[in-house]
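At position 839 of the sequence shown the residue is numbered 839 (full-length UniProt numbering), and the sequence of numbers has no breaks.
From the three backbone atoms N, C-alpha and C, an ideal C-beta is built for every residue, glycine too.
This one's a predicted model, so the numbers in the text were calculated from it and none came from an experiment.
Reviewing the structure listed below.
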Amino acid sequence: MSWHILKRDVKRILRVPKAWIIVLGIMIIPALYAWFNIRAFWDPYGNTGNIRVAVANVDQGATSDLTGDIDVGSQVISQLKENEQLGWQFMDENQAQQAVESGDVYAAIVIPQDFSENLLSVATGDFTQPNLQYYVNEKASAVAPKMTDTGASQLDQQITSAFKNQLATAVTDQLKDAGESIELQLLDSKDSALNALGMANQDLENVQDDLGSLESGITDAQTSLAGTQDTLADVNALLTDVQTALSQAETLMAEAQAQIIDFADEATAAYTDGINQLADASSKANTAITEVTQGLETAGVRVDGAIDDISAVIDANAQAIETLQGLLNQADLDPALSDQLQSAIDTLTTRNESDQQLLSQLQDLKNSTSDTVNSVQSLSDSLDEALAASQAASGDLQTTLTNQVPQLNAAMSELSASAGSLSGALDANKDTLAQASELLADLDAQLGTTLEALGSLDTNLTATQDSISAAQTDITALAAADQWGELSTITGLDSDQIASFISSPIEVEEQVVYPVNSYGSGMAALFTNLSLWVGAFMLMVMFKLEVDTEDAKGVTVRQAYMARFSLLSVIIIAQALIVSIGDLILGVQTVNPLAFVGTSVLIGLVYLSVIYALSVAFGHVGRGLCVVLVSMQIPGASGLYPIEVMPGFFRAIYPLLPFSYGIDALRETIGGFYGSNYWHYLGMLAVFVVLSFLLGLVLRRRLTNFHVLVNREITKTGLFAAENVEVTGGGLSLPDVIAALTRRRGRHAGRDVRSVRFARRYPIILRAIVGTGLVGVIAFAVVAAHVTGAKALVLGLFTLWCLLIIGALIALEYVKASFDVVDINNRDETQPAAAEVTTK
């Protein structure tokens, strides 16, 4: 039956083309709400440069020994001119205040004239808190003051950072200068100490070297002394040998004198014979040389003649060759004759060249002959000179033998006498050698003692040198120590880096876990959920919720409910498809487009089930509850702000709102999925669907009387639209039937006493409930006006109060309906004037 009613309703729409436009508008209009808001919120913080903020600088600057001249106000103005985060407007103080009051700017910041001076007071011990004068126009906008507050805070941080930067730079420079002075003094002291110790160490090394040389000299002297003593012993022995040799020499010299006399006689005779033989040989040689010279000279004359003859022949041939060559070149001769003539010329040329070679050979022969003649002549001269020299030598030898032999004999006689004297002197020297040997022994002992003393001195010098080396090592280690490194760190300070660190010691490294491309994409989840809720609510306003029984006889409450819900579901699905696909076209980010669209469809169906159930069960009151719900869900579902920053009431109802799970489910498809969160959100939305169908299919019949009451009352005004409440096929409950039968048995006695009593009290009770509700509303309004810190709690209690009043009215109408049923066959008596309860 539900399917039959759905087809019937679709045909009704299709038969009226103008209805198509209305249905299409219902599908598109909610999407426009989402699209306009998403696009408007796409990048609002990227346009903060249009938020006008006035800045006035009257700072006069200040001077300090630490920082020098400083003008923080001018520095701030210079930095703000390069800052595009807000629309900074630079003007004087009066203009800035006037601009804030007139609304030309959202805020104004004034830098007072003593601002720099107060900042520098931190270094003088008489600190005065520097203040910026901040004026804000909160009437102009609700959000702009928050942006300007952020700008003012950033300006405060910027000024603090700039002052810290300049102060740190000045302190660092002074520390660096002081550290450099100390470091230079320490370096000079270190270098002086190391140089002095180095020189002392070098002097000790030189002394040790000298000691080593001295020790080596003493050792060598001891060795020499030992050798000398040995030598003296050898000399003593040698003297004895010399004396023996001298005695033998005397004997030999006597024998030599006799032999010399004999030799002189024999040598004179032999030399005279040799000279005579040499003169004879020289004469013969000269004769032979003369003959050879003459022969060579004759040959030379002949060679000269041959050379002249050949030279004449060569010249004649050359002239003939030149003449013939001239004829050959000038005459126009027969080729055969020319060839013969050329052949003759070539023959003469060849012969002339041969004669030329012969001439060269003859000239060489002539030169060789001349050289030979010269050599032979030189040989002859040499023989003559040798003969003359031999004759001279013969004379000298004769003179020598005559004069020198007697002298030699005399010298030998003197030498023999000297040998005797020397032998006597050697006897005296033996005693002297014995005394020298004793002296050398004493000297050797003294040298040994000296060597031991030098060894001790060398040991002491080595210890001293080790101490100096240790001192050098200590000084070097001190220069490399951590304290020295810390001093070097001070002298190597970079004032710019330190100033940058002091002004901003922390750098935040942002790592986005689930990046979203824009603020609009971040807000898409909220606005898409809102558009789906608004779209479902529009269906409650535009469509009749009660199913008429035309062409649907015998339809039950549940069948009618599902039929109308199915029709509305088709439209809500179309709404969800349009808004979600439009979001994607606008550029809304999504990690899974199909999941984004599918989730939007599911959320739309969930919201439809909730709104449809409330509207069917409570009528106009249900629609009002839908409006209250959406009003509570915007702040209470963390759509705009994190739920943690919201008041306690909204944090308490957060888990009870369908928006909480719908928004989070869409956020999963936009930013990225984590674990099973997505399925958890969909599961919670399914719980709302179950509760909605429980309300619409089961509890609706119990709430019909309240719906009838509301329709009846608003119909009396003649201003509100109301539709008949069709509890189709519902029948009456068993208690109603029993009560009706019981009252029927007593109809002859009139209405039941209790029914009459309730009928009299009903208007009073109704007015009391409504009046109590109004008093509660006024009381909550008064409390909300005087309570500032718990307005959200007051709103929650107010909503609960309204629900209690509605519940009381529902209970009242339910009781009234029970008393109104007196006859099961005549229900017309129990129907209200403005509504009809039909039982089929």
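Extent of the continuous beta strand (DSSP E) run through tyrosine 134: Within the sequence shown, residue 134 is the residue found at index 134, counting from 1. From DSSP, the beta strand (DSSP E) with tyrosine 134 extends over 133-136.
Closest to tryptophan 3 by C-alpha separation, out of Ile26, Val547, Leu605, would be which residue? Numbered from 1 along the sequence shown, position 3 holds the residue referred to as residue 3. Taking only the C-alpha atoms, the option nearest tryptophan 3 is Val547.
Of the residues Ala637, Ser580, Glu550, Glu385, which one's Cα is nearest the Cα of serine 600? Taking the sequence shown and counting its residues from 1, the one referred to as residue 600 is at position 600. Of Ala637, Ser580, Glu550, Glu385, the residue nearest in Cα terms is Ser580.
Could you give the first and the last residue of the continuous beta strand (DSSP E) run that contains valine 58? Sequence index remark: in the sequence shown, residue 58 carries index 58 (1-based). Here valine 58 belongs to no beta strand (DSSP E), and DSSP marks it neither H nor E.
Taking its Cβ as the centre, do 16 or more other Cβ atoms sit within 10 Å of valine 837, making it buried, or is it exposed? For the purposes of this step, residue 837 is identified with residue 837 of the sequence shown, where counting begins at 1. Below a pLDDT of 50, predicted positions are generally treated as unreliable, and valine 837, at 37, falls in that range; no measurement from the model is reported.
Classify alanine 170 as helix, strand or coil using the three-state DSSP reduction. Numbered from its first residue, the sequence shown carries residue 170 at position 170. Only weak support is given to the placement of alanine 170: the predicted model assigns it a pLDDT of 49, under 50, and the value that follows is read from those uncertain coordinates. Reduced to three states, the DSSP call for alanine 170 is helix.
Close Cβ partners of leucine 695 (< 8 Å) along its chain, the five nearest in sequence each way excluded: Within the sequence shown, numbered from 1, the residue matching residue 695 stands at position 695. Answer for leucine 695: Ala613, Leu614, Ala617, listed in chain order.
Name the two residues that bound the continuous alpha helix (DSSP H) containing phenylalanine 659. As a working mapping, residue 659 is identified with position 659 in the sequence shown. It spans 658-671 - the alpha helix (DSSP H) in which phenylalanine 659 sits, taken as one unbroken run.
For phenylalanine 90, I'd like the list of residues in its chain whose CB is within less than 6 Å of its CB, leaving aside the five on either flank, ordered along the chain. On the sequence shown, residue 90 is found 90 positions in, with the first residue counted as 1. Cβ neighbours of phenylalanine 90 beyond the five flanking positions: Val55.
Considering just the uninterrupted stretch of the beta strand (DSSP E) at alanine 107, what are its terminal residues? Stepping through the sequence shown from its first residue, residue 107 is reached at position 107. It spans 107-111 - the beta strand (DSSP E) in which alanine 107 sits, taken as one unbroken run.
Would you give the residue range spanned by the alpha helix (DSSP H) that glutamine 79 belongs to? Within the sequence shown, residue 79 is the residue found at index 79, counting from 1. Looking at the DSSP string, the run of the alpha helix (DSSP H) that includes glutamine 79 is 72-81.
Tell me the DSSP bridge mates of phenylalanine 90? Walking along the sequence shown from the start, residue 90 turns up at place 90. Val55, per the DSSP bridge assignment.
Which residues mark the beginning and the end of the alpha helix (DSSP H) in which glycine 648 is found? Here residue 648 is taken as the residue at index 648 of the sequence shown, counted from 1. Run containing glycine 648: 648-653, per the alpha helix (DSSP H) assignment.
Suppose contacts are defined by Cβ-Cβ distances below 8 Å. Is isoleucine 769 in contact with leucine 809 by that definition? Taking the first residue of the sequence shown as position 1, residue 769 is located at position 769. Taking the first residue of the sequence shown as position 1, residue 809 is located at position 809. Result yes, Cβ atoms of isoleucine 769 and leucine 809 sit closer than 8 Å.
From this set, Phe36, Gly622, Pro30, which residue's C-alpha is nearest valine 588's C-alpha? Taking the first residue of the sequence shown as position 1, residue 588 is located at position 588. Nearest C-alpha to valine 588: Phe36.
Per DSSP, what kind of secondary structure is aspartate 104 in: helix, strand or coil? Indexing the sequence shown from 1 puts residue 104 at position 104. DSSP places aspartate 104 in coil when its eight states are reduced to three.
Beta-bridge partners of aspartate 69, as assigned by DSSP: By one-based count along the sequence shown, residue 69 stands at place 69. According to DSSP, which records beta bridges pairwise, aspartate 69 is partnered with Thr63.
Under 6 Å Cβ to Cβ from alanine 524, same chain only, skipping five residues before and after it: list those, please. Here residue 524 corresponds to residue number 524 of the sequence shown, with the count starting at 1. Answer for alanine 524: Ile38, Asp583, Val588, listed in chain order.
Measuring CB atoms only, is the region 642-653 touching the region 562-580, in the sense that at least three cross pairs come out at less than 8 Å? Taking 8 Å as the limit for Cβ pairs, the verdict is that the region 562-580 does not touch the region 642-653.
For the 8 Å Cβ check, are there 3 or more pairs between the region 509-521 and the region 8-20? no
The region 660-676 in contact with the region 790-805 per 3-pair CB rule at 8 Å: The region 660-676 and the region 790-805 do not touch, with fewer than 3 CB-CB distances between them shorter than 8 Å.
What are the boundary residues of the alpha helix (DSSP H) that includes asparagine 529? Your numbering for residue 529 matches position 529 in the sequence shown. Per DSSP, asparagine 529 belongs to the alpha helix (DSSP H) from 519-542.
For the candidate residues Glu509, Leu766, Ile111, whose alpha-carbon lies nearest to that of glutamine 133? Translated into positions along the sequence shown, residue 133 becomes position 133. Minimum Cα distance to glutamine 133 is reached at Ile111.
Using the C-alpha atoms, what's the distance from glycine 598 back to tryptophan 88? Working through the sequence shown from its first residue, we reach residue 88 at position 88. Working through the sequence shown from its first residue, we reach residue 598 at position 598. Going by the C-alpha atoms only, they are around 46 Å apart.
With DSSP as the reference, label glycine 729 as helix, strand or coil. One-based indexing of the sequence shown puts residue 729 at position 729. The predicted position of glycine 729 is uncertain, since its pLDDT is 46 and thus under 50; a value taken from the coordinates is nonetheless stated next. The DSSP-derived three-state label of glycine 729 is coil.
Under a Cβ-count criterion, where at least 16 other Cβ atoms within 10 Å of its own Cβ denotes burial, should alanine 19 be classed as buried or exposed? Counting from 1 along the sequence shown, the entry for residue 19 is found at position 19. Its Cβ having fewer than 16 others within 10 Å, alanine 19 is exposed.
DSSP on aspartate 381, reduced to helix/strand/coil? Your numbering for residue 381 matches position 381 in the sequence shown. DSSP places aspartate 381 in the helix class (H, G or I) of the three-state scheme.
Secondary structure of leucine 793, DSSP reduced to three states: Taking the first residue of the sequence shown as position 1, residue 793 is located at position 793. Three-state DSSP puts leucine 793 in a helix.
Separation of aspartate 664 from valine 513, as counted between CA atoms: Indexing the sequence shown from 1 puts residue 513 at position 513. Indexing the sequence shown from 1 puts residue 664 at position 664. Valine 513 and aspartate 664: Cα-Cα distance of roughly 16 Å.
Is it the case that the Cβ atoms of alanine 107 and valine 76 are separated by a distance below 8 Å? As a working note, residue 107 is residue 107 in the sequence shown. As a working note, residue 76 is residue 76 in the sequence shown. Against a cut-off of 8 Å, the Cβ pair of valine 76 and alanine 107 comes out as no contact.
Residue burial classification, leucine 666 (beta-carbon count within 10 angstroms, cutoff 16): Position 666 of the sequence shown holds residue 666. Leucine 666 comes out buried.
By the DSSP assignment, the alpha helix (DSSP H) with threonine 556 in it spans what residues? Position 556 of the sequence shown, counted from the first residue, corresponds to residue 556. Looking at the DSSP string, threonine 556 is not in any alpha helix (DSSP H), and its letter there is neither H nor E.
Give the DSSP-derived three-state secondary structure of asparagine 329 in the structure shown. Here residue 329 refers to the residue found at position 329 when the sequence shown is read from its first residue. Reduced to three states, the DSSP call for asparagine 329 is helix.
Near phenylalanine 780, what residues of its chain come up, given a Cβ to Cβ distance below 8 Å and the 5 sequence neighbours on each side ignored? Along the sequence shown, read from residue 1 onward, the residue named residue 780 stands at position 780. Val794, Leu797, Phe798, Trp801.
Expressed to the nearest angstrom, what Euclidean distance is found between the alpha-carbon atoms of phenylalanine 758 and methionine 540? Stepping through the sequence shown from its first residue, residue 758 is reached at position 758. Stepping through the sequence shown from its first residue, residue 540 is reached at position 540. Computed Cα separation, rounded: 35 Å.
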